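Chemist: In the working numbering, the protein residues as written are 19 to 214.
A virtual CB, placed ideally from N, CA and C, is assigned to each residue, including glycine.
All values reported here derive from a predicted model rather than from experimental measurement.
One structure is given below, represented as structure tokens, and several questions about it will come after.
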Amino acid sequence: MKLSCLRPLGALLLTLGLAACGGKASYDVSGTIVGLNNNGLVLANGGDTVSPAAGATSFTFAKRIDYGTDYNITFQKQPAHMTCTINGGSGSAGHYVSIDAIVTCGQNAYTLAGTITGLTADNLVLINGNTQTPITKDSKTFTLNGTVADGTSYGISVLTQPTGLTCSVVPGTGTGTMGEANVTTVQVVCNPATKS
């Protein structure tokens, strides 16, 4: 018999056993947490809330619910600089032996972009970390490939110079720490290469 069939059967047997003893089955509304690196997360189930701290790997609401009671775990507040999603956060108590939702969190990430002047040739390649971005001839603006997580440092430089030109990132525009929005102020300037 498949495990998916056994879980509802186990819940039914547990409920019947409690009923025979004059009791009523009740359940913790709980779950696991993955990737919670920051504080601020607040989960809600109806009027009940719980606030797992940074680093927490599980949560349990204070109020247990009776067999047959619906539950619906939602986000009252996302953690700082992160976005979380939930799987298995709604249902009816007793459908399975336990309620075990999964909350998965990830750091928010944003793009790096800016303007280019003087790019009259091909082959310019910009780089940030290990991520390379080719820029086509005559481009006036660019957005680098990939994203940078909130709170992570970045540093843009020229990996490959275009033919016959020397390009550089204007000091103060290509380095920093990613905040809570896309960066759009990077400036790249290209000039004719000096002949030796």
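Between Val201 and Asn63, what straight-line distance do the alpha-carbon atoms span, to the nearest angstrom?
Modeler: 37 angstroms
Chemist: Quick check on Met100: does DSSP put it in helix, strand or coil?
Modeler: DSSP, read as helix, strand or coil, puts Met100 in strand.
Chemist: Under 7 angstroms between the Cβ atoms of Ser44 and Asp84?
Modeler: yes
Chemist: Using a Cβ-Cβ cut-off of 8 angstroms (strictly less than) and excluding sequence neighbours within five positions of Ala167, which residues of its own chain qualify?
Modeler: Gln125, Asn126, Ala127 and Met196
Chemist: Please report the distance separating the alpha-carbon of Val68 from that of Ala199.
Modeler: 28 angstroms
Chemist: Hey, would you say Ala211 sits closer than 7 angstroms to Leu183, going by beta carbons?
Modeler: In contact: Ala211 and Leu183 (Cβ atoms closer than 7 angstroms).
Chemist: Write down the C-beta distance between Thr203 and Gly132 rounded to the nearest angstrom, noting that I regard them as a contact closer than 8 angstroms.
Modeler: 6 angstroms
Chemist: Take Ser110 as the anchor and find which of Arg82, Val121, Gly86 and Val188 has the nearest alpha-carbon.
Modeler: The option with the nearest alpha carbon to Ser110 is Gly86.
Chemist: Taking C-alpha atoms, which residue in Ile120, Pro97 and Thr75 lies nearest to Asn90?
Modeler: Of the listed residues, the one whose Cα sits closest to Asn90 is Ile120.
Chemist: Which residue's Cα is closest to the Cα of Pro97: Asn57, Gly112 and Leu130?
Modeler: Asn57
Chemist: Do you know how far the Cα of Thr170 is from the Cα of Pro70?
Modeler: 24 angstroms
Chemist: Determine the DSSP secondary structure at Leu162, reduced to helix, strand or coil.
Modeler: The three-state reading of DSSP puts Leu162 in coil, since its state is none of H, G, I, E or B.
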